[in-house]
Structures are given as C-alpha cells and as structure tokens.
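The sequence shown maps to residues 536 to 773 in our numbering. This report refers to the structure that appears directly beneath it.
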Amino acid sequence: MPKLGVNIDHVATLREARKTIEPDPVKAALECEQAGCDSIVCHLRKDRRHVQDEDLFRLKKEVRLPINMEMSVDPEIVDIICLLRPFQATIVPENRQEITTEGGLDVRGNLDEVMFVSKKLKDSGILVSLFIDPDIIQLESAVSAGVDMVEFHTGLYAENFISGGGYEAELQNLAIMVKKGVDMGIRVAAGHGLTYDNVAPVAAIENLYELNIGHSIISKSVFTGIGRAVRQMKELML
Ligand code: PXP
536 MPKLGVNIDH VATLREARKT IEPDPVKAAL ECEQAGCDSI VCHLRKDRRH
586 VQDEDLFRLK KEVRLPINME MSVDPEIVDI ICLLRPFQAT IVPENRQEIT
636 TEGGLDVRGN LDEVMFVSKK LKDSGILVSL FIDPDIIQLE SAVSAGVDMV
686 EFHTGLYAEN FISGGGYEAE LQNLAIMVKK GVDMGIRVAA GHGLTYDNVA
736 PVAAIENLYE LNIGHSIISK SVFTGIGRAV RQMKELML
C-alpha cells in the first residue's frame with residue numbers, strides 16, 4: 536500500500552477567499568496527522584493564492600509528519616524553501632494563469648536549471664522530487680539530474696477515467712514507468728486528479744511509494760470532516 540500525502544492547499548484557498556483567519560490549514564494538517572496520513576503537502580505559489588509563507592513556518596513547527604513542499608524554480612521561492620528546510624521539496628512547473636499544475640515539469644528541456652535548484656535544495660538537507668509526466672524521456676532526465684524521487688502526473692489517467700476513454704492504457708503506462716523508475720534506483724510517487732472513485736487501481740501499482748491527493752479529500756471533508764475523509768481515502772488504497 537502506498538503512503539498517503541494530503542495536500543492542504545485548498546483549506547487555505549477557502550481562507551484566502553475572504554482574506555481572513557479561517558479555516559486554518561495548520562489545524563487541517565494536524566487533523567490529517569491524527570487520522571493517519573503519512574505526509575503533508577502544500578504548494579507555495581508565486582501568486583500566494585493559497586498557503587502563505589507564515590503557514591509554512593507554523594506547519595514546520597506544529598506538525599510532526601514529513602512536509603513535502605511543492606515549488607517552482609523561482610529564485611524567491613527557492614530561497615524560502617531552503618530557509619524552511621522541509622523534509623521534501625517537489626519541483627513543479629508553474630504559470631500564473633493556470634487553475635492548478637497543468638502538466639509535468641520539462642526536465643529534459645530545463646536540465647541545467649533543474650539541476651541547479653536541486654543541488655541548492657539538497658545542500659540544505661532537503662529530499663528532492665520532480666513532478667513529471669509518466670514518460671521515459673522525462674524519467675531518464677530526472678534520473679540524470681540526480682534527484683531522489685519523481686512523482687508521476689496522473690492527470691491524464693484521471694481525465695480519461697471521467698470521460699470513460701482509455702484510462703486502462705494510461706494505467707498500464709503508469710505501472711510500466713513506476714517499475715522503470717524503481718529499477719533505476721529512485722523512489723516513485725504519483726498524484727494529481729486522484730479521487731475516491733479512481734484511486735484504487737493506481738494504489739494497486741506495485742512499488743509505488745506514495746500518492747499525493749488534495750482536491751478530492753478537501754472536497755469530501757466539507758461533508759465529513761477532514762479526519763474521516765483521510766481515513767476513507769486510506770481504506771481505498773489498501
Ligand atoms: N501532486 C502535485 C505535484 C500537485 O501539483 C498537486 C496539485 O497541487 C497534487 C499532487 C494534488 O492534486 P489534486 O489536488 O488534484 O489531488
């Protein structure tokens with residue numbers, strides 16, 4: 536069974552809708568911890584649309600679970616993450632207009648920059664992961680960049696699952712890429728667009744280290760509370 540990282544960004548999205556103090560993403564993280572999740576994930580965006588710098592330092596102080604910071608290669612963000620020193624950083628592509636992270640990082644096309652930022656993070660004692668599409672060229676580039684881990688983007692699998700068209704082929708590709716990554720000696724995670732309906736076949740892929748899930752868990756938590764939402768997701772991953 537892979538570990539579960541819960542992305543709490545959208546608790547902060549709700550707070551930022553009113554620019555007020557509730558709901559508190561740190562309180563949400565503490566409830567996820569109590570419910571048995573394995574790590575807390577959040578994304579400090581350049582536009583600060585959800586979590587804010589202060590949230591991160593409170594998270595680091597108050598939560599015992601490993602914190603996995605999603606981040607772009609923007610120098611201001613890199614400096615903040617190096618100062619924060621979370622357990623893990625996941626480098627993702629970021630552009631201002633997107634609703635959410637839209638695709639994997641083009642490691643092949645930006646190898647020097649990715650290697651430069653990875654080294655800075657590693658020198659600060661942070662485990663480094665790259666968010667990439669389940670594609671052999673990107674995987675080989677990530678391995679050549681010397682990172683510890685990759686997270687495969689499951690967006691296409693999730694989209695195809697909803698439209699009913701060809702998700703099995705995506706699932707099979709994902710399983711092949713996971714095996715290749717593990718054979719190359721790195722840890723492999725997956726995430727994006729995973730839901731209570733589509734998570735089980737992905738969780739069943741052998742040797743997958745971790746799944747990172749945000750939107751679906753936070754959506755369910757509106758009705759059930761976040762502890763129950765986390766426990767239900769973990770049950771589906773067994
Ligand atoms: N993994 C990464 C790298 C992401 O950027 C995101 C979205 O922030 C997720 C996982 C979680 O995606 P979702 O909110 O669709 O579960």
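Glycine included, each C-beta is placed from N, C-alpha and C at the ideal position.
- Near A722, what residues of its chain come up, given a Cβ to Cβ distance below 6 Å and the 5 sequence neighbours on each side ignored? Counted from its first residue, the sequence shown places residue 722 at position 187. Just to set this straight, residue 722 is Arg in the shown sequence, not Ala. For R722, where only same-chain residues beyond five positions count, the Cβ hits under 6 Å are M684 and Y744.
- Message: Using a 10 Å radius around the Cβ and a threshold of 16 neighbouring Cβ atoms, would you call P560 buried or exposed?
- Response: In the sequence shown, counting from the first residue as 1, residue 560 sits at position 25. Classification for P560: buried.
- Could you work out which residue in H585, R599 and L565 is closest to A547 when comparing CA atoms only? Within the sequence shown, the letter at position 12 stands for residue 547. Shortest Cα-Cα distance from A547 to any of H585, R599 and L565 involves H585.
- Considering only C-alpha positions, which residue in the set L729, C567, I753 and V649 is nearest to I626? In the sequence shown, residue 626 corresponds to position 91, counting from 1. Cα-wise, what sits closest to I626 is V649.
- Query: Which of helix, strand or coil does DSSP assign to I740?
  - Reply: In the sequence shown, counting from the first residue as 1, residue 740 sits at position 205. The answer is coil: DSSP assigns I740 none of H, G, I, E or B.
- Query: For N774, does the three-state DSSP call read helix, strand or coil?
  - Reply: In this structure the chain extends from 536 to 773, so residue 774 is not present and cannot be described.
- Message: With the cut-off set at 8 Å, would you say V541 and L565 are in Cβ contact?
- Response: Reading the sequence shown from its first residue, position 6 is the one you call residue 541. Reading the sequence shown from its first residue, position 30 is the one you call residue 565. No, these two residues do not count as a Cβ contact at 8 Å.
- Assumed close pair S574, P537 - CB separation to whole angstroms, cut-off 8 Å: Working through the sequence shown from its first residue, we reach residue 574 at position 39. Working through the sequence shown from its first residue, we reach residue 537 at position 2. Between P537 and S574 the Cβ distance is about 11 Å, and since that is not below 8 Å, they are no contact.
- Item | Identity of the residue in I761, D641 and R593 nearest E629 by Cα | As a first step, residue 629 is located in the sequence shown; it is residue number 94 there, counting from the start. Checked all of I761, D641 and R593; the closest Cα to E629 is D641.
- Task: Can you grab the Cα-Cα spacing for the pair S754 / V682, in whole Å?
- Result: As a working mapping, residue 754 is identified with position 219 in the sequence shown. As a working mapping, residue 682 is identified with position 147 in the sequence shown. S754 and V682 have their C-alpha atoms spaced approximately 32 Å apart.
- Message: Measuring alpha carbon to alpha carbon, tell me which residue in L646, E705 and G690 is nearest V678.
- Response: Within the sequence shown, residue 678 is the residue found at index 143, counting from 1. With distances taken between Cα atoms, V678 lies closest to L646.
- Query: According to DSSP, what are the bridge partners of K538?
  - Reply: Within the sequence shown, residue 538 is the residue found at index 3, counting from 1. Paired residue(s): E745.
- Item | Coil, strand or helix - T796 by DSSP | Missing from the structure shown is residue 796; the chain here goes from 536 to 773 and no further.
- Task: Spell out the partners DSSP gives E597 in its beta bridges.
- Result: Position 62 of the sequence shown, counted from the first residue, corresponds to residue 597. Note: E597 sits in no beta bridge, so no partner.
- Buried or exposed for R553, please, with buried defined as at least 16 other CB atoms from any protein chain shown within 10 angstroms of its CB. Counting from 1 along the sequence shown, the entry for residue 553 is found at position 18. Result: exposed.
- Task: Check whether the region 704-715 touches the region 759-772, taking contact to mean three or more Cβ pairs, one atom from each stretch, closer than 8 Å.
- Result: no
- Starting from Q587 and walking both ways along the alpha helix (DSSP H), at which residues does that stretch end? Counting from 1 along the sequence shown, the entry for residue 587 is found at position 52. Q587 -> no alpha helix (DSSP H), and no H or E assigned at all.
- Message: Under 7 Å: does the beta carbon of F592 sit that close to some heavy atom of ligand 1?
- Response: Working through the sequence shown from its first residue, we reach residue 592 at position 57. Because no heavy atom of ligand 1 lies under 7 Å away, the Cβ of F592 does not count as near it: no.
- With hydrogens ignored, establish whether the beta-carbon of H779 is closer than 7 Å to any heavy atom of ligand 1. Past the boundaries of the shown model lies residue 779; the chain is included only from 536 to 773, so the question cannot be answered.
- CA-to-CA distance, Y731 to L709, given in whole angstroms: On the sequence shown, residue 709 is found 174 positions in, with the first residue counted as 1. On the sequence shown, residue 731 is found 196 positions in, with the first residue counted as 1. Whole-angstrom Cα-Cα distance: 18 Å.
- Query: Does the distance from the C-beta atom of V737 to that of L771 stay below 8 Å?
  - Reply: On the sequence shown, residue 737 is found 202 positions in, with the first residue counted as 1. On the sequence shown, residue 771 is found 236 positions in, with the first residue counted as 1. Against a cut-off of 8 Å, the Cβ pair of L771 and V737 comes out as no contact.
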